[in-house]
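Chemist: In UniProt numbering, the protein residues as written are 1 to 370.
Glycine included, C-beta positions come from ideal geometry on N, C-alpha and C.
Pasting in a structure now, in structure tokens, and then I'll have a few things to ask.
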Amino acid sequence: MASRSISSCTTETAKGIHRFEIFSYSMMNTEAEDDSIRSGVFNVGGFDWALLYYPDGIDDDSKGYIGVYLELISKNGEPWALVDVNLINQLQPGQPRQLFTKTDVPTPFRSSSFQESTLGSLKCMKRSDIESTPGFIVNDCIVIECNVTVIYEPKVSKTRALCDAETSSALREIEVPPMEISSDFAKMLKDGVGADVTFRVGEDTFRAHRAVLAARSPVFHAQLCGPMKEKKETQMQEITIQDMQPSVFEAFLYFIYTDCVPRMDDLGNGEKMHLMMHLLKAGDRYGLERLRIMCERFLATNLDTEHVSAILGLADLLDLKKLKEACMEFMVPSERMDAVAASQGYQQLKRAFPSLAFEVWERRSRVRRN
Numbered sequence: 001m002a003s004r005s006i007s008s009c010t011t012e013t014a015k016g017i018h019r020f021e022i023f024s025y026s027m028m029n030t031e032a033e034d035d036s037i038r039s040g041v042f043n044v045g046g047f048d049w050a051l052l053y054y055p056d057g058i059d060d061d062s063k064g065y066i067g068v069y070l071e072l073i074s075k076n077g078e079p080w081a082l083v084d085v086n087l088i089n090q091l092q093p094g095q096p097r098q099l100f101t102k103t104d105v106p107t108p109f110r111s112s113s114f115q116e117s118t119l120g121s122l123k124c125m126k127r128s129d130i131e132s133t134p135g136f137i138v139n140d141c142i143v144i145e146c147n148v149t150v151i152y153e154p155k156v157s158k159t160r161a162l163c164d165a166e167t168s169s170a171l172r173e174i175e176v177p178p179m180e181i182s183s184d185f186a187k188m189l190k191d192g193v194g195a196d197v198t199f200r201v202g203e204d205t206f207r208a209h210r211a212v213l214a215a216r217s218p219v220f221h222a223q224l225c226g227p228m229k230e231k232k233e234t235q236m237q238e239i240t241i242q243d244m245q246p247s248v249f250e251a252f253l254y255f256i257y258t259d260c261v262p263r264m265d266d267l268g269n270g271e272k273m274h275l276m277m278h279l280l281k282a283g284d285r286y287g288l289e290r291l292r293i294m295c296e297r298f299l300a301t302n303l304d305t306e307h308v309s310a311i312l313g314l315a316d317l318l319d320l321k322k323l324k325e326a327c328m329e330f331m332v333p334s335e336r337m338d339a340v341a342a343s344q345g346y347q348q349l350k351r352a353f354p355s356l357a358f359e360v361w362e363r364r365s366r367v368r369r370n
């Protein structure tokens, strides 16, 4: 019988992201030494790198453009790397970025010369386009993000003998299916089989399982299993939920069972924002940190002039500092503040949180003075 053996080849990588924040954008010009500004040195894959920023080109052909290069600082070694350099939209993180440089195949870097140790362009983007696009400049600052993936040399394993099981064609055809626990729990919630708790929300009722609720929420655990429980476990318990709409509670229960927010494809933008704000409050109220953070991130990345005031008030009420700061940064630019001030949400913010509305205007005045 013929002998069988196997060896393998693997390629390892190291990834890193560096953000270069360039303040006083409007005051930078070609008077800088060597026409460029170098970022702080950062390390990816055991190699030192830096970004070179050219605020206004270096000659007649590149004047009026900003230029950005990734530079290899390390003198020893010749790494191969994938590179992705972008200009970040600071007000709308979910929006497409301005791509400066991107490699689809690994590129070699060598410290022997400037050409071989750098990758980029002197004409990444016109300054006029940057200045006319909302979000690229905030408080006279631009942010350049560089993603570097260092590709190491392939490693080949030692040869070893193959056992019969590894060469079996039947074994190769056995595939492990994806996890179905979320869909199974969603079905359990929908069918209500074995439910032992009933929730009354307005005119609607929802059946659930005390063990699932207690395992997921510390508040429900105390209410259903601790000293707060009102009835014996053999009895169907009914709990009345105050200050929550049935549609919100339904989505909240769905998250408890599946760890996911229901699909919102059939909802308009206003309905999505309304649901996520209420789910944010529910996550905070019932100790579901993942739900709270998911909602906080969704709201922060989908801010608009109509809803930002209500979200700011909610962030302040729940002491969510990152969401509050995102709202403040969104509202401060003058081209956006006029629309915010004309919204119904802002009028409500002034009535309910006058000190918070004053904080917005104080922040805006400080930015304009600077």
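With 16 as the cutoff for other CB atoms within 10 Å, does M276 come out buried or exposed?
Modeler: Buried, since its Cβ has 16 or more Cβ neighbours within 10 Å.
Chemist: Between which residues of its own chain and V219 is the CB-CB distance below 8 Å, once the five residues before and five after are set aside?
Modeler: Excluding positions up to five away in sequence, the list reads R285, Y286, G287.
Chemist: Measure the alpha-carbon distance for E116 versus R160 and round it to whole angstroms.
Modeler: Roughly 41 Å between the two C-alpha positions.
Chemist: Here's a check: name, in chain order, each residue in its chain whose Cβ is nearer than 6 Å to the Cβ of E12, leaving out the five neighbours to either side.
Modeler: Correct list, in chain order: Y152.
Chemist: Can you round the beta-carbon distance between L99 and N86 to whole angstroms, since I take them to be within the 8 Å contact cut?
Modeler: The Cβ separation is near 6 Å, so the contact holds.
Chemist: Residue ranges of each beta strand (DSSP E) run of no fewer than 3 residues wholly in the segment 119-167, ordered along the chain?
Modeler: Entirely contained in the segment 119-167, the beta strand (DSSP E) runs reaching 3 residues are, in chain order, 141-151.
Chemist: Beta-carbon within less than 6 Å of A310's beta-carbon, same chain only, minus the 5 sequence neighbours each way: which residues are those?
Modeler: Same-chain partners within the cutoff: G345.
Chemist: Check whether the segment 299-310 touches the segment 240-251, counting contact only when three or more Cβ pairs, one atom from each stretch, lie closer than 8 Å.
Modeler: Segments in contact, no.
Chemist: Note down the Cα distance separating E33 from I66, rounded to an integer number of angstroms.
Modeler: Note that E33 has pLDDT 46, beneath the 50 cutoff, so the model's placement of it is unreliable and the number below is only indicative. Spanning the two alpha carbons is a distance of roughly 15 Å.
Chemist: Compute the beta-carbon to beta-carbon distance between R210 and L224, rounded to the nearest angstrom, for a pair I have assumed lies under 8 Å.
Modeler: Yes, R210 and L224 are in contact; Cβ-Cβ is about 5 Å, under 8 Å.
Chemist: For I144, count neighbouring C-beta atoms within 10 Å of its own C-beta (all shown protein chains included) and say buried if the count is 16 or more, exposed if not.
Modeler: Looking at its Cβ environment, which holds 16 or more other Cβ atoms inside 10 Å, I144 is buried.
Chemist: So, S157 versus S8, is the Cβ gap smaller than 9 Å?
Modeler: Cβ atoms of S157 and S8: closer than 9 Å.
Chemist: Return the Cβ separation of residue 420 and S36 in integer angstroms, given the expectation that the two are a contact with Cβ distance under 8 Å.
Modeler: The chain is shown only over 1 to 370; residue 420 falls outside these bounds and no answer can be derived.
Chemist: In three-state DSSP terms, what is F353?
Modeler: Note: F353 maps to coil in three-state DSSP.
Chemist: On a Cα-Cα basis, can you pick out the residue from P154, S3, D129, S111 that is closest to I142?
Modeler: Among P154, S3, D129, S111, the Cα nearest to that of I142 is on D129.
Chemist: Over the uninterrupted alpha helix (DSSP H) stretch that includes N269, give me the two end residues.
Modeler: From DSSP, the alpha helix (DSSP H) with N269 extends over 269-285.
Chemist: Hey, which unbroken runs of the beta strand (DSSP E) at 3 residues or more fall wholly within the UniProt domain "BTB" (195-265)?
Modeler: Correct list: 197-201, 204-208, 237-240.
Chemist: If we count Cβ pairs, one from each stretch, closer than 8 Å, do we get three or more for the segment 175-186 versus the segment 73-85?
Modeler: They do not touch, by the three-pair rule.
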